[in-house]
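First residue of the sequence shown: 48, per the working numbering; consecutive thereafter.
All C-beta atoms, glycine included, are put in the ideal place defined by N, C-alpha and C.
One structure is given below, encoded as structure tokens.
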Amino acid sequence: MSLSKQDTTCLQCGFGLWIPVDELSSSYMGLYSDARFPGRCIVTLNQHAEHLDELPPDTVSSFMLNVRVASMALRIATGSPRINVAILGNQEGHVHAHLIPRYPESEPRPNKAPWEDTRPRGSMSSADNERYVELIRRALKQVKVSEESRGRKVELRHVSSAEMEPPLLMLSQDAATDLLI
Ligand SMILES: [Zn+2]
């Protein structure tokens, strides 16, 4: 699939993703090119709302489940041991979450919030942008398949024990390494 920047742009406030990655059930996921935190992403709600607390509970639930899937995919795609999730809205009044892979071994202040990083801000190269978009798309596909399997497991609970063991999501370093090659 090919998601354009236009597809992700809110008609009401104009907030959109510069480098779209994929569409989720109630949001869009895009790369936020930041050389300090390769793979940094944004998940933005696919309808206009300024405050998370004004949304219907089902929408909040769906959005947060999308953030969960995005976070799993980022751990697979980047090999990062921890994804920071921040919903701020100080500059853009449209519900969105920042997902920031952390790399403690190479960061100057790994125990602090990403905003306290002392390195100069800069974008990744366009080749790296493309590489990360591809890695994240592949990881998302893997996570979505795993999530679907989990859904089938629930539906089939009383049908057949043979169908009770869907493939488990792998978040091991091996999986991350495979995808980085
Ligand atoms: Zn908006």
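Where does the unbroken beta strand (DSSP E) through residue i begin, and where does it stop?
i           : result
residue 76  : 74-78
residue 91  : 88-92
residue 69  : 66-70
residue 149 : 143-149
residue 82  : No beta strand (DSSP E) contains residue 82, which DSSP labels as neither H nor E.
residue 158 : Where residue 158 is concerned, there is no enclosing beta strand (DSSP E), given that its DSSP letter is neither H nor E.
residue 131 : 129-133
Residue i and residue j look like a contact to me (Cβ under 8 Å); what is the Cβ gap, rounded to whole Å?
i          : j          : result
residue 93 : residue 73 : 6 Å
residue 68 : residue 88 : 7 Å
residue 90 : residue 99 : Residue 90 to residue 99, Cβ: 12 Å. No contact.
Please classify residue i as buried or exposed, where buried requires at least 16 other C-beta atoms within 10 Å of its C-beta.
i           : result
residue 60  : exposed
residue 63  : buried
residue 137 : exposed
residue 51  : exposed
residue 148 : buried
residue 165 : exposed
residue 71  : buried
residue 192 : exposed
residue 84  : buried
Identify the continuous alpha helix (DSSP H) that holds residue i and give its terminal residues.
i           : result
residue 115 : 104-125
residue 54  : 52-55
With C-beta atoms as the reference, is residue i less than 9 Å away from residue j?
i           : j           : result
residue 109 : residue 176 : no
residue 161 : residue 131 : yes
residue 141 : residue 96  : yes
residue 189 : residue 123 : yes
residue 182 : residue 86  : yes
residue 128 : residue 155 : no
residue 186 : residue 102 : no
residue 229 : residue 54  : Outside the modelled stretch of the chain, which goes from 48 to 228, sits residue 229, for which no answer is possible.
residue 82  : residue 170 : yes
For review: beta carbons within less than 6 Å of any heavy atom in ligand 1: 57, 59, 60, 62, 95 and 141
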